[in-house]
Amino acid sequence: MLARYRNYALLSTMESWHQHVSDRDILEPMCVRKIRGQWLNYDKNAWVGHRKVRATDDKNFVPGPLNARSFHNLPDKSKTFVPLDSVGGTMLYVRADIHRQGVMFPVHYVIGSEWGREGYDGIETEGLCYSAHFLGYKCWGMPHDAIQHAL
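Counting from 1 along the sequence shown, just add 141 to a position and that's the residue number in the numbering used here.
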């Protein structure tokens with residue numbers, strides 16, 4: 142349901158003059174939250190790597206990481222931008238022309254494509270990168286830029 146609201150807000154407010162702030166396609170800053178006096182990663186949907194693949198006959202499948210690393214736990218954060226396979230939705234910078242080409246927040250799972258990902262996690266913000274990848278776009282994290290989640 143959240144994807145429907147995000148898409149409605151996006152399509153209702155985007156105007157012809159909207160562009161982007163970077164030469165990168167889709168960007169996400171590090172999202173943190175102060176919990177018991179410590180700054181911790183709050184966004185569990187931003188990750189890179191592989192996820193579990195559902196077996197055809199597995200009726201009790203639970204999506205999850207296989208060899209995936211969260212954005213917060215990437216080994217090399219020395220670069221300004223790091224590639225991501227999935228993003229969260231606290232704050233995103235998306236080139237407006239990518240949305241204009243139809244890349245939205247999927248309201249259904251992204252399954253049955255020719256892309257080498259399983260797709261079972263490809264819904265809502267996680268599916269944004271899946272859909273963008275089909276059109277040749279990439280998602281990036283900004284490990285040197287952090288935002289604080291309000292909750």
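From the three backbone atoms N, C-alpha and C, an ideal C-beta is built for every residue, glycine too.
None of these values were measured; they are calculated from a predicted model.
Does Arg195 come out as helix, strand or coil in the three-state DSSP assignment?
If you number the sequence shown from 1, residue 195 lands on position 54. Three-state result, Arg195: coil.
The alpha helix (DSSP H) that contains Ala106, what's its start and end?
With the chain covering 142 to 292 only, the question about residue 106 has no answer from this structure.
Between the segment 281 to 292 and the segment 167 to 181, can you find at least three pairs of beta-carbon atoms closer than 8 Å?
yes
First and last residue of the uninterrupted beta strand (DSSP E) at Gly282
To locate residue 282, count along the sequence shown from 1; it is residue 141. Counting along the chain, the beta strand (DSSP E) containing Gly282 begins and ends at Cys280 to Gln289.
For Val228, which residues from the same chain have a beta carbon less than 7 Å from its beta carbon, with the 5 sequence-adjacent residues on both sides left out?
Counting from 1 along the sequence shown, the entry for residue 228 is found at position 87. Answer for Val228: Ile167, Glu169, Asn186, Ala187, Thr266, Leu269, Cys270 and Cys280, listed in chain order.
Does Pro247 pass the burial test, meaning 16 or more other C-beta atoms within 10 Å, or should it be called exposed?
Counting from 1 along the sequence shown, the entry for residue 247 is found at position 106. The residue in question, Pro247, is buried, as its Cβ has 16 or more Cβ neighbours within 10 Å.
Grouping DSSP H, G and I as helix and E and B as strand, with all else coil, what is Arg236?
Within the sequence shown, residue 236 is the residue found at index 95, counting from 1. Correct three-state label for Arg236: coil.
Straight-line gap, Gln242 to Ala273 (C-alpha atoms, nearest Å):
Here residue 242 corresponds to residue number 101 of the sequence shown, with the count starting at 1. Here residue 273 corresponds to residue number 132 of the sequence shown, with the count starting at 1. Distance between the alpha carbons of Gln242 and Ala273 is about 9 Å.
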